[in-house]
Amino acid sequence: MWVRMGWLQLLAVSILLAGSLAGCAGGGSGSGGEEGAAPEENQPVNAYKEKYEPEVTITTVWGVDPTLKFKNGETIENNVATRWAKEKFGINIKSLWSITDTNGAFATKLRLAMSSGQEMPEVVTLGTENNQLAQDLIDSGMFAEVGTLFDQYASQTWKDAMNQDPNVWNPYTRDGKRMGIPVLDFAYNHDYILWIRQDWLDKLGLSEPKTLDELEQVMDAFKNRNPDGLAPDKVIPLSIGFKTSMNTWMGDPSWVFGAYGTLPQQWNESEDGTLEYGSVHPGMKEGLKKLKSWMDSGYIPKEAALWDENKTAEPAVAGTAGIIPGPYWMSGWPLQDTVKNAPGAVWKPIPIPTGPDGTAMRHGTHYTNGVTLIHKDMKHPEAFFTYQNYLFDNFAVSKPGGEFEYGMFEGYDYELDGNGEMVPNDQIEGGYVNVVRYLLVRDGARIPDQQMQALMKLADGGTPETRLERDVAVNYGKDTPAAAQVLLTQEDISKKDMFTGPVTTTMKSKWDYLNKIENQALNEIIYGKQPLDSFDAFVKSWKGGGGDQITQEVNEWYQSVK
C-alpha cells in the first residue's frame, strides 16, 4: 500500500509544483502572454486569436505510418482534422508533401529537402525514432527558438503538463535556448511487467515466480511438462527478442541485466552521481551468462537475435509462449487475441523477478515521444499555439458535455450506440481510425499523469467519466487497470535513460561503430560463439574506441543540467 501512496503523493507534489512554476511563467490561451514578457530580438509578435479572419496558413510535411487508415475518401492532406482546424480556428493546414514512412523514407525526404534548398515546413513534428534528424534540423539554423513563444502563448494547462518533468526540454536546448517543443507522452507508457500464462501455472500447481531462480523452474515446467500438451520444441517459455535493441518496449530482455544492477543501451546514474553506459557495466557479464544458459536450455527463442518487438508477440498470441515482457496495456493488444488460438488461455500481469541479491531494474519511460519544430520564418507562429492550446484545454482534459467528451471525431475514433454509450473500437461502422495521427502533433495532446490517474480510478472501482477513462474502460482490455497497479508496486525499479541531451561531438563520429561492436559482442556470447570472458575485451574496445571520450562528454552535459 505504501508504494501506491508514494506514487500518489509524488503526483500531488508534482502537480502543485507545476502549478507554481507555470504560474510564474504567465501566458495562456488568448492572453497574449504575461505583461512585460519580452520575446527575443527579431522574434515575430502577433496578436493571438481564437479564430483567424482572414485565414492563416500553416505548412507542414507528413511521414504517414503505413498502418494508418483513412475513410470517406480522405487523405493526410484533406481529412476531418484539417477541415476541423479550418472551420474552428481559421487555420489552413497546407501539406508541402507527404510520403509513406517505410524504411526511413520520411527522414530521407526531409533531409533531401533541407540539403537541396527546397521549401521547408513551418511546423514539423518528429517522433523519437527520428531524434537524430530533429537534432540536425535544430543545428541547421532554419528553426526558431521556441521557448519564448511557448512562454508567451502556451495555455496554463499545457504549461502545467510540461512542468511535470522540466527535463523534457533538455534534448532540444542549445546554450540555454529551447529550440524544440517536446511532444508529451503518458507516464509509464512503455515501462514493462511480465505477462504470464496463469492457466498454465494453475494446471501445473505452480505459484508466480518472484526470483530468477523461480522463473527458471516455471520456464522448465512450461517447456517440458506443458499443460496444453505442446511438445517441448513447440513451446517458447519466455518470448524475447533483441534484433534492434536489448532495451525496448515489448519482448524486452533488459530486466535480466537489471537483476544484476545495470540496464543496457542507456545511461544510468552510478553510485558517485556520474553517468555510466549500462552496456559496459560489470553486471552485464552475469546477465549474458544467464541469457546464454536460457538459450542453451531452449527457454528463449533460438531466433531472438532476429526478432523485433512485434515478432515476440506472435507466439504469445498463438498460444505457444508462456511469458512475455511488455507494457501494462498489453491485455488489450495483442494478448486479447490469444484465446482465439488457445481457448481458455489466461494472461496475468506479475512483477519483474529479482536477482540473487534482491535487485530488480527495468527501463523507465520518458514523458516525451518526439518534438515539434517551428520554422524561423513562420509568419504566424502564434496560430500553432491557438491550435495546440485548444487540444490541451479540451482534448487532453475532456469536459462533460464538451466537444471531445467521447473522442476526437465521431465515426472515426469513437461511436455511440442507441443508449448514448461508447461502443468498442472494433465495432465502429466502417472501421476505427486513429484520427489523432492526422493532427499536427502526434497523439494530439497528452498530459503525462492523466492515463495512470484514469487507470487507478478504474482499478478502485470508479465509474468512467472523462474521455480517457471511458476509452480505457471500453478499449484497453479488462486486465489493464490491475496491470497498472502491478506496475506501480515496483515504481522504484523504473530507471530512465539519464542522458537526454543532444548528440555529443564524439557520438556523431563514433556511436554507430560502438553500437556495431556492442551488438556483435553481446549476441556472440549469448549464442556461444564467443566465451563469456570476451565481454572484457569488448569493454576495453568500447572504451578505447571512443566510449571513454563520449562518457566524459555525456557527464559534462549532465553536470550542466543537474
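Just so we're aligned, residue 1424 is where the sequence shown starts under our numbering, counting upward by one. Beta carbons: idealized from backbone N, C-alpha and C, even for Gly. Quantities reported herein were computed from a predicted structural model and do not represent experimental measurements.
Answer yes or no: does any C-beta atom of chain B fall closer than 8 Å to that of E1844? In the structure shown, chain B does not exist; there is a single protein chain.
Given 7 Å as the limit, tell me if D1574 has its C-beta closer than that to any heavy atom belonging to the ligand SAM. The model depicted lacks the ligand SAM and carries no ligand whatsoever.
From G1969 to L1937, what distance separates their C-alpha atoms? 8 Å
Please report the Cβ distance between E1833 and V1846, rounded to the nearest whole angstrom; I am assuming they are in contact, meaning their Cβ atoms lie under 8 Å. Not confirmed; about 11 Å, so no contact.
Euclidean distance between Cα positions of G1564 and G1745: 51 Å
R1869 (DSSP reduced to helix, strand or coil): coil
Give me, in chain order, the residues of the same chain whose beta-carbon lies closer than 7 Å to that of N1898; leave out the 5 immediate sequence neighbours on both sides. G1755, P1847, N1848
With DSSP run on the structure shown, which of helix, strand or coil describes L1881? helix
Assigned secondary structure, K1517 (DSSP; H/G/I helix, E/B strand, else coil): strand
If I'm right that H1798 touches E1545 with Cβ under 8 Å, what's the distance once you round it to whole angstroms? 5 Å
Buried or exposed: where does N1502 fall if 16 or more other Cβ atoms within 10 Å of its Cβ makes it buried? buried
So the alpha helix (DSSP H) A1765 belongs to, where does it begin and stop? Unbroken run through A1765: none, as it is neither H nor E.
What did DSSP end up calling S1957 once you bin it into helix, strand or coil? helix
Contacts around K1614, its chain only, beta-carbon distance under 8 Å, and the 5 residues preceding and following it disregarded: The amino acid occupying residue 1614 in the given sequence is Asp; Lys does not appear at that position. For D1614, where only same-chain residues beyond five positions count, the Cβ hits under 8 Å are P1750, Y1751, R1785, H1786, G1787, T1788, L1910, S1917.
Just confirm the distance between the C-beta atoms of L1607 and Y1790, as a whole number of angstroms; I'd bet it's less than 8 Å. 6 Å
Less than 8 Å between the beta carbons of G1793 and A1768, yes or no? no
Does the distance from the C-beta atom of Y1595 to that of I1561 stay below 8 Å? yes
So, does the region 1726-1734 touch the region 1654-1664, judging by three or more C-beta pairs under 8 Å? yes
To the nearest angstrom, report how far apart S1702 and P1776 are at their CA atoms. 20 Å
Exposure label - K1939; buried when at least 16 CB within 10 Å: exposed
Whole angstroms are fine: how far does the CA of A1644 sit from the CA of T1634? 16 Å
Using a Cβ-Cβ cutoff of less than 7 Å, which residues in the same chain neighbour K1763 once the five nearest sequence positions on both sides are dropped? none
Nearest neighbour of N1772, chosen from V1977, D1583, K1952, G1900 [CA to CA]: Reading the sequence as shown, one finds Pro at residue 1772 and not Asn. For the residues V1977, D1583, K1952, G1900, the minimum Cα distance to P1772 belongs to G1900.
For I1775, does the three-state DSSP call read helix, strand or coil? coil
Three-state secondary structure (DSSP) of A1470: coil
Going along the chain, which residues of its own chain have a beta-carbon closer than 7 Å to the beta-carbon of N1649, five neighbours each way excluded? V1658
Have a look at E1987 and I1522 and give me their C-alpha separation to the nearest angstrom. Nothing can be reported for residue 1987: it is not among the residues displayed for the chain, which extend from 1424 to 1985.
Would you call the region 1882-1889 and the region 1913-1931 touching, i.e. three or more CB-CB distances under 8 Å? no
Helix, strand or coil for R1648, going by three-state DSSP, please let me know. coil
Give a yes or no on whether the C-beta atoms belonging to I1499 and Y1861 are separated by under 8 Å. yes
Would you decide whether L1638 is buried or exposed? Buried here means 16 or more other CB atoms lie within 10 Å of its CB. buried
Quick one: using the 10 Å Cβ neighbour count with 16 as the cut-off for buried, is S1983 buried or exposed? exposed
Using CA coordinates, which residue listed in D1920, T1929, E1947 is at the minimum distance from T1685? D1920
Considering just the uninterrupted stretch of the beta strand (DSSP E) at G1701, what are its terminal residues? Element bounds for G1701: n/a, residue is neither H nor E.
Where does K1931 land, buried or exposed, given buried means 16+ other C-beta within 10 angstroms? exposed
Around the C-beta of R1597, are 16 or more other C-beta atoms found within 10 angstroms, so that it is buried, or is it exposed? exposed
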